[in-house]
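Input: a single structure, listed below in structure tokens.
There are 2 protein chains.
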Amino acid sequence: MTLRHRAMLLAALIATPVFAADPPAATPSAATPSAVVAQAPAAAWRAIPAEELLVMTIEGGKRVVIQLAPAFAPRHVGNIQALARAQWWDGTSINRVQDNYVVQWGDVTEKKPLPPGLSPTSPADYAVPLANRRLAVTPLPHADAYAPATGFVAGWPVAMDGAAAWLPHCYGFVGVGRSMSPDAGTGAELYAVIGHAPRQLDRNIAVVGRVIDGMAHLSSLPRGTGELGFYTAQEHKAPVLSVRLASALPEAERPRFEMMDTASPSFAAYLRLRANRRDDFYDRPAGGVDLCNAPVPVRATPSGP
Amino acid sequence: MTLRHRAMLLAALIATPVFAADPPAATPSAATPSAVVAQAPAAAWRAIPAEELLVMTIEGGKRVVIQLAPAFAPRHVGNIQALARAQWWDGTSINRVQDNYVVQWGDVTEKKPLPPGLSPTSPADYAVPLANRRLAVTPLPHADAYAPATGFVAGWPVAMDGAAAWLPHCYGFVGVGRSMSPDAGTGAELYAVIGHAPRQLDRNIAVVGRVIDGMAHLSSLPRGTGELGFYTAQEHKAPVLSVRLASALPEAERPRFEMMDTASPSFAAYLRLRANRRDDFYDRPAGGVDLCNAPVPVRATPSGP
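Chains R and U supply the protein sequences, listed in that same order. First residue of the first sequence? That's 128 in the numbering used here, and the numbers climb one at a time after it. First residue of the second sequence? That's 128 in the numbering used here, and the numbers climb one at a time after it.
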């Protein structure tokens with residue numbers, strides 16, 4: 128199965144309900160979110176720049192691909208790109224896995240020297256002031272417990288108030304570990320959400336991207352038995368073999384992904400169906416969907432020249 | 128560490144933010160949800176009846192404890208108790224693990240005869256008509272994308288409209304797999320949510336309980352590579368060694384748990400702090416919390432006479 132087919136199948140799975148019996152083959156029908164994704168025209172997709180793809184390889188050669196969000200956290204993302212270019216994460220490890228919360232990786236000794244040229248970070252990366260720019264927002268017209276408004280901007284889910292927009296801590300989203308304020312974290316210590324969205328962290332920590340491939344390699348790791356899910360000295364910390372920007376990989380090894388244009392008619396149809404499932408399984412459409420339960424469709428495209 | 132201490136520590140962990148540096152010891156302070164739980168008086172706790180605890184042991188002797196919700200899904204829960212008494216699940220397996228969705232277990236052949244005396248189930252178990260009973264509701268005063276109102280009833284989170292209340296598909300919640308309607312499932316095929324709450328399933332399928340101990344044994348299982356995360360013939364289906372009601376276990380082996388009284392002042396304080404974190408890490412309290420991000424505190428109490 129090619130990456131592209133796998134990505135399309137995954138999109139289908141994500142949108143499919145629970146069956147006791149053998150699942151029917153996911154036959155596209157414009158009545159399901161997965162069918163809308165499968166049938167979206169080329170014009171509904173946007174290539175993700177190779178400079179914004181972080182390729183992490185962990186023990187066993189398992190690959191995790193993270194899409195970075197420079198428009199939302201430019202200082203932290205700049206540092207993360209510099210750390211990847213310096214191959215700084217190579218030889219570090221996954222140090223914390225807390226159930227229904229986060230997987231966290233970085234230098235367990237907290238003594239590894241950082242490469243020169245990192246920028247100071249700032250809580251300014253926690254949210255984007257709306258005054259700074261005219262954001263084209265696709266609104267999500269459903270209530271949210273954490274923000275006055277939610278929607279999608281340039282392929283990303285956002286929560287908003289009158290003053291700013293910020294990335295939410297949805298499943299698979301990646302943030303920058305930090306100690307107590309005012310330190311905002313360098314970008315060297317990263318975590319990914321592996322449970323129900325801990326939205327209480329929004330605007331208290333920098334969200335820098337999302338896992339778009341290989342998420343199961345992180346979410347199925349053994350949970351740590353120490354406080355906060357940190358692995359204890361006796362437990363096995365999965366090695367991080369390498370972290371590279373896709374742009375630094377040879378053409379033939381470079382993963383390529385596209386995300387759905389959140390201003391496209393296809394995405395509007397996808398959102399409507401995520402909020403009101405029409406497939407046969409659903410007798411009672413929800414009439415709503417929350418910001419973290421309508422993941423922006425992403426698909427792999429063939430690698431190599 | 129005793130079960131009770133572990134449960135209290137877990138409660139502390141669940142409520143603790145992400146740290147890059149070594150986490151501080153979880154020192155109780157009335158300013159955190161975990162401290163409220165740790166300091167709650169005995170009067171704030173309610174014992175969970177042994178008839179409502181399902182003890183599942185899977186490969187490796189790993190124990191998963193599920194609290195059943197007979198008040199919300201009486202037909203399905205009655206069947207599940209009968210299936211446990213008949214030891215029907217012994218020798219079955221975990222057959223499906225779909226990332227950010229569900230773990231599902233039961234008879235992979237779908238041919239194992241069911242014990243006599245199961246009752247017909249019904250979609251009537253999907254929600255409780257408010258007209259039927261006067262429910263004492265502790266409201267959750269924050270917006271919800273899926274329902275006009277949410278709150279807590281008798282230790283359970285509920286979503287509500289003018290006519291009914293129903294259990295949401297939160298992380299760790301357990302439902303009954305079914306095929307297409309009108310079949311509502313017997314109760315023999317069960318699943319647990321291992322990702323962001325798939326609330327679109329609410330009122331389309333029976334929610335019968337929640338995992339209150341050993342959740343990580345399910346959530347860290349390898350994801351299946353077949354459609355919908357079903358394991359393929361080549362993949363290892365973790366055996367279900369036994370499923371028993373706690374009431375059927377010898378006194379000394381019987382797990383005992385208490386849940387917080389959701390009408391207690393302690394729970395009200397817990398909810399306020401889940402919505403507005405006051406610990407030092409949080410510079411910006413959220414001002415809200417969603418129904419699935421305020422899990423009802425549960426603690427183990429010493430087993431045996």
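C-beta atoms are modelled at their ideal positions from N, C-alpha and C, and glycine is treated no differently. All of these numbers come straight from a predicted model, not from anything done at the bench.
Task: Whether Asp288(R) touches Ala274(R) by CB criterion (8 angstroms) - done: yes
Open item on the list: Assuming the contact rule is C-beta atoms closer than 8 angstroms, Gly302(R) and Leu328(R) should be a hit. Round their C-beta distance to whole Å, please.
Closed with: 7 angstroms
Task: C-beta atoms of Arg337(U) and Ile193(U) nearer than 8 angstroms - done: yes
Task: Test: Asn206(R) CB closer than 8 angstroms to a CB of chain U - done: no
Open item on the list: Could you compute how far the alpha carbon of Pro197(R) sits from the alpha carbon of Val335(R)?
Closed with: 7 angstroms
Task: Beta-bridge partners of Leu195(R), as assigned by DSSP - done: Gly336(R)
Task: Whole-angstrom C-beta distance between Gly322(U) and Tyr253(U), which should lie under 8 angstroms - done: Contact flag wrong, Cβ pair sits at about 21 angstroms.
- [ ] Determine contact between the region 211-223 of chain R and the region 348-359 of chain R, defined as no fewer than three beta-carbon pairs at a distance below 8 angstroms.
- [x] yes
Open item on the list: What ranges does the alpha helix (DSSP H) occupy inside the region 380-422 of chain U, keeping only unbroken runs of at least 4 residues that lie completely in it?
Closed with: 392-402
Open item on the list: Among Thr277(U), Arg405(U), Ala290(U), whose alpha-carbon lies nearest the alpha-carbon of Pro256(U)?
Closed with: Ala290(U)
- [ ] Run the CB neighbour count on Ser161(R), radius 10 Å, all protein chains shown included, and call it buried at 16 or more, exposed below.
- [x] By the 16-neighbour rule on beta-carbons within 10 angstroms, Ser161(R) is buried.
Task: Nonlocal neighbours in the same chain, by C-beta distance under 6 angstroms from Gly415(U), ignoring five residues either side - done: His269, Ala402
- [ ] Can you check the region 178-240 of chain R for any beta strand (DSSP E) of at least 3 residues that lies completely inside it and give the ranges in chain order?
- [x] The region 178-240 of chain R contains, as complete beta strand (DSSP E) runs of 3+ residues, the segments 180-185, 189-195, 219-225, 229-233 (chain order).
TODO: Please classify Asp173(R): does DSSP put it in a helix, a strand, or coil?
DONE: One detail in the question is off: residue 173(R) reads as Arg in this sequence, not Asp. In this structure, Arg173(R) counts as strand in the three-state DSSP scheme.
Task: Selection of the region 397-422 of chain U by Cβ proximity to chain R, strictly under 7 angstroms - done: Arg404, Asp407, Phe408, Tyr409, Asp410, Arg411, Ala413, Gly415, Val416, Asp417, Cys419, Asn420
Task: Residues that Ala291(U) bridges to, as DSSP identifies them - done: Pro256(U)
- [ ] Starting from the beta carbon of Met342(R), find every residue of chain U whose beta carbon is closer than 8 angstroms, and list them in chain order.
- [x] Asp226, Asn227
TODO: Using three-state DSSP, classify Thr428(R) as helix, strand or coil.
DONE: strand
- [ ] Indicate whether Thr248(U) and His296(U) have their beta-carbon atoms separated by less than 8 angstroms.
- [x] no
Open item on the list: What would DSSP say about Ala319(R), mapped onto helix, strand or coil?
Closed with: strand
TODO: Determine, using beta carbons only, whether Asp252(R) comes closer than 8 angstroms to chain U.
DONE: Contact of Asp252(R) with chain U is not assigned, every C-beta pair being separated by 8 angstroms or more.
Open item on the list: Since Glu186(U) and Leu368(U) should fall inside the 8 angstroms C-beta cutoff, what is the C-beta to C-beta distance between them, to a whole number of angstroms?
Closed with: 7 angstroms
- [ ] Determine the direct distance from the alpha carbon of Thr219(R) to that of Pro242(R), and round the result to whole angstroms.
- [x] 14 angstroms
TODO: Please confirm if Met387(U) has its CB atom under 8 angstroms from at least one CB of chain R.
DONE: Not a single C-beta of chain R is nearer than 8 angstroms to the C-beta of Met387(U).
Open item on the list: Using the Cβ count rule (16 or more neighbours within 10 Å means buried), how would you classify Gly244(U)?
Closed with: exposed
Task: Simplified DSSP assignment, three categories, for Arg326(U) - done: helix
- [ ] Leaving aside the five residues before and after Tyr318(R) along the sequence, list all residues of the same chain whose C-beta is less than 6 angstroms from its C-beta, in chain order.
- [x] Val229, Gln231, Gly302, Gly304
- [ ] List the residues that DSSP assigns as beta-bridge partners of Leu262(R).
- [x] According to DSSP, which records beta bridges pairwise, Leu262(R) is partnered with nothing at all.
Open item on the list: Looking at the secondary structure, which residues open and close the beta strand (DSSP E) in which Ser369(U) lies?
Closed with: Ser369(U) -> beta strand (DSSP E) spans 366-372.
Open item on the list: So for Pro250(R), helix, strand or coil by DSSP?
Closed with: Helix at Pro250(R).
- [ ] Buried or exposed for Asp208(R), please, with buried defined as at least 16 other CB atoms from any protein chain shown within 10 angstroms of its CB.
- [x] Residue identity check: residue 208(R) is Gln in the sequence provided, not Asp. Gln208(R) should be labelled buried.
Open item on the list: Suppose the cutoff is 6 angstroms on Cβ atoms and the five residues either side in sequence are ignored; what does the same chain contact list for Pro250(R) look like?
Closed with: Ala311
Task: Asn222(U) at chain R interface by Cβ criterion, 8 angstroms - done: no
- [ ] Using a Cβ-Cβ cut-off of 8 angstroms, state whether Ala373(R) counts as contacting chain U.
- [x] no
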